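Numbering (this note's numbering), first residue to last: 30 to 411.
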């Protein structure tokens, strides 16, 4: 499996579990949840899956709980103190000091010192307990309602009860496996409000900076439990989530309610990104599929990406320039707000997972071979 796909194959851990090896798997998961990330001399050359800015500082996350930070645009890197050793998939900062990182085993980490040190706020065990309690409440409420329901409504309510009981059974089975489901993306609108998304339709929201979380998965119409790979904000109150099988959902009230968007294709989306223009954003995924919306994600038009490589992450520099990165060394560049793109291929042809501009014509990328400083075409500067 291509290492970059570790970010998106949300069933990576679950798929490895068989009924005969559940206890071993749970032990492995629990170990990485309590084992701090080890300092590594070559950490900046190992798999890194996301990069973000904390003010002028760069912060990157990846394999074995590694979090690195740089105060000189990527020339030099230091390794952060991290309390877990799971694969970390995404990182975001709200302001200069407060940041959140998420990853496998449902982990949510928080930093209040620009990414130098981190604490665990949430994990898959807490998620499982929360979902079980919520499911039990739904089942109990439906049973009570059926007892006094009119005759003509009972059949439909019994069907709803059966579905709710199935969901409860699934939640209990998930808890037996352990904290196995990864979170794949995180977005904070400010220092208090944030959402995380991940495998099997996981959505959790906090309004207190991560001190507590609520399960919002039931607010989205996702009966097939498709994985949610990406979330972003396109206007002050509008959020968009996308993922497996081309699913797209929009919220115009900061994640409280969600509507299903007619998707432009049926393959998986791995990334969403604002372009810097009002209400304009990009969605991209398998085999170079790339789409642009100018109405905050309501409708989409296809863009010729000039590539068949899978695309996974994008960033803009505020001046109309956009870079999209992906597998097989693909680096796409647009200087017209994402209307057209040209493709460059990095010489190592290794996958790139995330990118950030440090100057108008200079980027830092992370991926299979760690971190690199590049020009806007993805060519290494050193």
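All residues carry an ideal CB built from backbone N, CA and C; glycine is no exception.
All values reported here derive from a predicted model rather than from experimental measurement.
- The residue among 411, 314, 384, 221 with its C-alpha nearest the C-alpha of residue 82 is 384.
- Secondary structure of residue 401 (DSSP, three-state): strand.
- Note that the stretch 365 to 377 touches the stretch 334 to 341; at least 3 beta-carbon pairs, one per stretch, sit closer than 8 Å.
- Residue 201 carries a helical assignment under DSSP once its states are collapsed to helix, strand and coil.
- Here the C-alpha atom of residue 92 lies approximately 11 Å from the C-alpha atom of residue 113.
- A residue is called buried once 16 or more other Cβ atoms fall within 10 Å of its Cβ, and residue 408, having fewer, is exposed.
- Checking the DSSP bridge columns, you'll see residue 82 partnered with 87.
- Per DSSP, the unbroken alpha helix (DSSP H) holding residue 163 starts and ends at 153 to 176.
- DSSP places residue 310 in the uninterrupted beta strand (DSSP E) bounded by 310 to 314.
- Excluding its 5 nearest sequence neighbours in each direction, residue 102 has C-beta neighbours in its own chain below 6 Å: 387, listed in chain order.
- Rounded to the nearest whole angstrom, the CA to CA distance from residue 139 to residue 215 is 11 Å.
- For the pair residue 99 and residue 354, the Cα-to-Cα distance works out to about 21 Å.
- The C-beta separation of residue 147 from residue 130 comes to about 7 Å, placing the pair in contact by the 8 Å criterion.
- Using a C-beta cut-off of 8 Å, the stretch 192 to 203 makes no contact with the stretch 116 to 135, since fewer than three inter-stretch Cβ pairs fall below that distance.
- Here residue 300 carries a strand assignment [DSSP, helix/strand/coil].
- From the listed residues 96, 398, 330, the smallest Cα separation to residue 68 is found for 96.
- By the criterion of at least three beta-carbon pairs nearer than 8 Å, the stretch 259 to 268 is in contact with the stretch 300 to 314.
- Between residue 109 and residue 144, the gap from beta carbon to beta carbon is short of 7 Å.
- The stretch 237 to 246 and the stretch 305 to 313 do not touch, with fewer than 3 CB-CB distances between them shorter than 8 Å.
- Taking 7 Å as the cut-off, the Cβ atoms of residue 296 and residue 272 do not count as close.
- For residue 388, the uninterrupted beta strand (DSSP E) segment begins and ends at 381 to 388.
- Of the residues 330, 328, 394, 390, the one whose Cα lies closest to the Cα of residue 358 is 394.
- Distance between residue 390 and residue 104, taken at the CA atoms: about 16 Å.
- If you compare the alpha carbons of 111, 374, 270, 345 with that of residue 364, the shortest gap goes to 345.
- Secondary-structure assignment with DSSP links residue 372 through a beta bridge to 361.
- For residue 326 against residue 290, the beta-carbon gap comes to about 6 Å, under 8 Å, which counts as contact.
- Residue 284 and residue 275 have their C-alpha atoms spaced approximately 19 Å apart.
- Exposed is the label assigned to residue 376, since fewer than 16 other Cβ atoms lie within 10 Å of its Cβ.
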